[in-house]
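K.L.:
Heads up: the sequence shown begins at 11 in the working numbering, then just goes up one per residue.
C-beta: ideal position from N, C-alpha, C; glycine also.
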Amino acid sequence: MTCSRYGLCLWPYTHAPTFMHIPIPTHTQVNLTERGESFYNPLLPDIIQHYRSMGLLEVSDGATIIPLRTTRHTLNTTTHHTPNDTNHQPQHTTHQSPHTPCTDFSQEMVMVQKGDGGFLYATTDLAAIYHRVYVEKAKKVVYVTGKVYGV
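1) Measure the beta-carbon distance from Glu47 to Thr134 and round it to whole angstroms, keeping in mind my assumption that it falls under 8 Å.
2) Nearest to Val120 by CA position, among Val151, Ser70, Asp126, is which residue?
3) Taking just the CA atoms, how far does Leu42 sit from Tyr61?
4) Tell me whether the beta-carbon of Val143 lies closer than 8 Å to the beta-carbon of Val154.
5) Hey, out of Phe49, Ile76, Glu146, whose CA is closest to Met64's CA?
6) Mind checking Val122: buried by the 16 CB within 10 Å criterion, or exposed?
7) In the DSSP assignment, what residue or residues form a beta bridge with Pro77?
8) Closest to Leu78 by C-alpha separation, out of Gly72, Glu118, Ile57, would be which residue?
9) Measure the alpha-carbon distance for Tyr131 versus Pro55 and round it to whole angstroms.
10) Give the range of the alpha helix (DSSP H) segment to which Ser63 is assigned.
11) In the DSSP assignment, find the alpha helix (DSSP H) that holds Asp126 and state where it starts and stops.
12) State the beta-bridge partners of Thr69 as determined by DSSP.
13) When DSSP labels each residue in this structure, what does Thr88 get in the three-state scheme?
14) Quick one: what does DSSP say Val151 is sitting in, helix, strand or coil?
Below, the structure is given as structure tokens:
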């Protein structure tokens, strides 16, 4: 067997034992179609173009990213004096109020193409979702990723 990448040669040997241990309950009516990441490789340039045409992409330090405007809860800081405070220093208490509007916006992003043209796992995930929605016409998609994305 000749493979352009060593990992693709090993994939059949790791795939079967992994999937043997993932039970799929029969009562859920889940249809499982197994596709490796390489199935989506031909779609990756089109995925980039799709998101570019939607105006969602930006270039940052040579890499193509999708910026995500995220909100974080604002922490309220209250200063008060306690009766037993001999130093007369204010005591600071920080609490989080569910009724306080979020005002701290930060820019987070998902990188979809490296500066050298390479693609990332996130790009493959976007291609998989795109394929399910636009090609397979899925009505609902539940897509779980690892914590590695961090956003």
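P.N.:
In short:
1) Residue mapping note: residue 47 aligns to position 37 of the sequence shown, counting from 1. Residue mapping note: residue 134 aligns to position 124 of the sequence shown, counting from 1. With a Cβ gap of about 5 Å, Glu47 and Thr134 count as contacting.
2) Locating residue 120 in the sequence shown gives position 110, where the first residue counts as 1. Of the candidates Val151, Ser70, Asp126, the one whose C-alpha sits nearest the C-alpha of Val120 is Ser70.
3) Here residue 61 is taken as the residue at index 51 of the sequence shown, counted from 1. Here residue 42 is taken as the residue at index 32 of the sequence shown, counted from 1. When the Cα atoms are used, Tyr61 and Leu42 turn out to be separated by approximately 27 Å.
4) Along the sequence shown, one-based indexing puts residue 143 at 133. Along the sequence shown, one-based indexing puts residue 154 at 144. At a Cβ-Cβ threshold of 8 Å, Val143 and Val154 do not count as neighbours.
5) Working through the sequence shown from its first residue, we reach residue 64 at position 54. Among Phe49, Ile76, Glu146, the Cα nearest to that of Met64 is on Ile76.
6) If you number the sequence shown from 1, residue 122 lands on position 112. Taking all protein chains shown into account, Val122 has 16 or more neighbouring C-beta atoms within 10 Å of its C-beta and is therefore buried.
7) Reading the sequence shown from its first residue, position 67 is the one you call residue 77. According to DSSP, Pro77 bridges with Met119.
8) Counting from one through the sequence shown, the residue named residue 78 turns up at place 68. The shortest Cα separation from Leu78 among Gly72, Glu118, Ile57 belongs to Glu118.
9) In the sequence shown, the residue the question calls residue 131 occupies position 121. In the sequence shown, the residue the question calls residue 55 occupies position 45. Their backbone Cα atoms lie some 14 Å apart in a straight line.
10) Working through the sequence shown from its first residue, we reach residue 63 at position 53. Per DSSP, the continuous alpha helix (DSSP H) segment holding Ser63 begins and ends at 54 to 63.
11) Your numbering for residue 126 matches position 116 in the sequence shown. No alpha helix (DSSP H) contains Asp126, which DSSP labels as neither H nor E.
12) In the sequence shown, counting from the first residue as 1, residue 69 sits at position 59. For the record, residue 69 in the displayed sequence is Val; it is not Thr. Here Val69 is bridged, per DSSP, to Thr74.
13) Along the sequence shown, read from residue 1 onward, the residue named residue 88 stands at position 78. Since pLDDT at Thr88 reaches only 43, below the 50 mark, its modelled position is unreliable, and no value is offered.
14) Here residue 151 refers to the residue found at position 141 of the sequence shown. Val151: coil per DSSP, three-state reduction.
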